[in-house]
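The numbering used here puts the first residue of the sequence shown at 15, with every later residue one more than the last.
Virtual Cβ for every residue (Gly too), placed ideally from N, Cα, C.
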Amino acid sequence: MTESEPLLGEIGGTDATNRRRHHKLAWYQWAFIVPSVVALVLAGLLITQNNQHAVPIPPVDVRGKKNVIMMVTDGMGPASLSLARSFRQHRDNLPLNDTLVLDRYLVGSSRTRSSSSLVTDSAAGATAFSCALKSYNGAIGVSPDGKPCGTVLEALKLQGYLTGLVVTTRVTDATPGAFSAHVDYRWQEDQIAEQQLNQPGLGRMVDLIIGGGRCFYTPKGKGGCRSDERDLVAEAQQQGWTYFSDVKGYEEIAKNKSVPLPLLGLVAKGDIPFDIDRDPKSHPSLKQQAQLALRALSDATKDSDQGFFLLIEGSRIDHAGHQNDPAAQVREVLAYDEAFQAVIDFVDNSDVETVVISTSDHETGGLVTARQISAEYPNYAWYPQVLVDAQKSGEYVAQVLQNSFGAAEMPLEAAGKEKLRKQVQRHLGVDDLTNGEVKSIEQALNSPQLVYVLNNIVSVRSETGWTTHGHSAVDVNIYAHTNSPSLNHALDALRGNHENIEIGAFMEAVTGSDLAAITEQVKHADHKPRRRRGTTVDAFHQAIAGPN
């Protein structure tokens, strides 16, 4: 493999070559990985036994009315901020001292490992926030022994808070799921959806849900993908939920003087498109969704003794990292930064004590803003203009090319190759495809690898580096802000470097919650898999989806 090839290897390797590669990999796994796993399990047991440690927080009056806003940048590491900052400075001709909104609120950093691996997945990462404990990769609101753990969202709901979830992926995905449900594996999205509407033993714990994921709320007979015939959208409406499924419905609700609760907005069958691909006439932005949620929850708690808890996630930063797509990722980070500014504006204009915490569950892709392409060593460069020129994601362009050429005989004739070049130029801004790159695209046209081939073409030209199509163990940043002097003093507890579970413990402490007491109430909830047959998990997390 050379630096100009995608990470997922050669597309045209022979069967014999692939077998030798797999045999060699298997030997390495037995010789090196298995002993490491044993050591990791032992280390995980030690961490698990001591994970409920207290976070030293200055005195806070937990009795006062508060709002808690938890924001998650799924898959965003420090390099993602560097990428977005330099991209924005270059694109908008801004001075070198211009920063992102997030940069002004940096307070610390977080270590992200799970109880089962030094490299966490989003399910374990979100469970660390929601339950303030380490759990295994794939776990949704359950402890390492598979027992449901009480979440901050549930604790605050039972204290009288209103609660909400706003995401850009499926609302049944790992991060929102870990705050609102308890299942053994992240692929149990049918059950996550059910629990979001009604948590057994507790009742309705969530008052507002906005994002994608209509698929797991509707049966296959109505275009959904549930493994049973339940229509959860219809059930929700019967239970008093107001429902919208598109940007028109969003706009109708947003223009009302008051926003009805409970509110269910499922604006995409699956994930909401990347921001680089998103049509504002079809899907609201993360900022718009967050603003609607903030207004709805704020108005509904105006005369209450308690405030609200809101989870907001920039979910698809992670997907862009998995796909090694720098053009998509930089727009996802900037879209999140705009949403973060909207939250800051809300906090600063609220007369209720409000704290916002923003962090990542992990880093994805092993992103670096440099890549050694040339033979001359070293090469100190990366080129944001290449990302400016790209107008669509690799995911979008792959679909365009498959629709155009998927049924064509390969290799393409000269006219077909020229058409392919023009489509790549139009969407990715690349007008100098090599013959080798055209051949790689042709070979991958009917393969899931096409998106990686396309994104690598952009990454090579921008000299953006990647080390993996999975997650990494890189520490991630913690950002925070409050309008309260006493809570501002409490933010000192987040300064420096922390375990991710300390963020959940911080929210528990400043609100006077008792997660252990909630755990006692939910520990008997139905969380075991009912079936695997007929269920799905997104392509980015197949390896951690649980047993077949």
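Here residue 501 is buried. Its C-beta has 16 or more other C-beta atoms within 10 Å. The distance from the Cβ of residue 496 to that of residue 508 is about 11 Å, inconsistent with a contact at the 8 Å cut-off. Comparing alpha carbon positions, the residue from 273, 300 and 128 closest to residue 285 is 300. Contact holds between the segment 465-482 and the segment 384-398, because three or more Cβ pairs, one in each stretch, are under 8 Å apart. The residues 89, 343, 378, 379 and 381, in chain order, have a CB closer than 7 Å to that of residue 335 in the same chain once the five nearest residues on each side in sequence are set aside. By the neighbour-count criterion, in which 16 or more other beta carbons inside 10 Å mark a residue as buried, residue 305 falls on the buried side.
Around the beta carbon of residue 448, fewer than 16 other beta carbons sit within 10 angstroms, so the residue counts as exposed. Here the alpha carbon of residue 323 sits roughly 17 Å from the alpha carbon of residue 273. Bridge pairing for residue 372: 85 and 493 [DSSP]. For residue 178, the enclosing beta strand (DSSP E) begins and ends at 176-184.
With a threshold of 16 other beta carbon atoms within 10 Å, residue 424 falls short and is exposed. With contact defined as three or more Cβ pairs closer than 8 Å, the segment 358-371 and the segment 414-423 are not in contact. Within a 10 Å sphere around the beta-carbon of residue 427 sit fewer than 16 other beta-carbons, which makes this residue exposed. Distance from the Cα of residue 150 is smallest, within the candidate group 401, 134 and 471, for 134. Linking residue 439 to residue 484 through their CA atoms gives a straight-line distance of about 28 Å. Taking C-beta atoms as the reference points, residue 214 and residue 540 count as a pair closer than 7 Å. Counting C-beta pairs with one atom in each stretch, the segment 351-364 and the segment 453-473 have fewer than three that are closer than 8 Å, which means they do not touch.
Using a Cβ distance threshold of 7 Å, residue 91 and residue 524 do not count as a contacting pair.
The segment 506-531 contains, as complete alpha helix (DSSP H) runs of 4+ residues, the segments 515-525 (chain order).
In the DSSP assignment, residue 257 falls within the beta strand (DSSP E) that extends over 256-258. Secondary structure of residue 155 (DSSP, three-state): coil. Distance from the CA of residue 155 to the CA of residue 492, rounded to the nearest whole angstrom, comes to 22 Å. Residue 166 sits in a helix when the DSSP states are folded into three classes.
For residue 220, no alpha helix (DSSP H) encloses it, and the DSSP letter there is neither H nor E.
Remark: C-beta atoms of residue 147 and residue 515 approach each other more closely than 7 Å. In the structure shown, residue 340 falls within a helical segment according to DSSP collapsed to helix, strand and coil.
Separation of residue 472 and residue 372 (C-alpha to C-alpha, rounded to the nearest whole angstrom) is 29 Å. Nearest C-alpha to residue 349 among 102, 210 and 109: 102. When DSSP states are grouped into helix, strand and coil, residue 326 belongs to the strand group. C-alpha of residue 353 to C-alpha of residue 429: approximately 44 Å in a straight line. Around the beta carbon of residue 302, 16 or more other beta carbons lie within 10 angstroms, which makes this residue buried.
When DSSP assignments are scanned along the segment 349-423, the uninterrupted stretches of beta strand (DSSP E) that are 3 or more residues long and fall wholly within it turn out to be 367-373.
Within the same chain, and ignoring the five residues on either side of residue 191 in sequence, the residues whose Cβ sits closer than 6 Å to its Cβ are 154 and 206. Distance from the CA atom of residue 145 to the CA atom of residue 513, rounded to whole angstroms, is 13 Å. Here the segment 251-262 makes no contact with the segment 306-313; the two share fewer than three CB pairs at distances below 8 Å. A contact between stretches requires three or more CB pairs, one per stretch, nearer than 8 Å, and the segment 180-199 meets this requirement with the segment 222-231.
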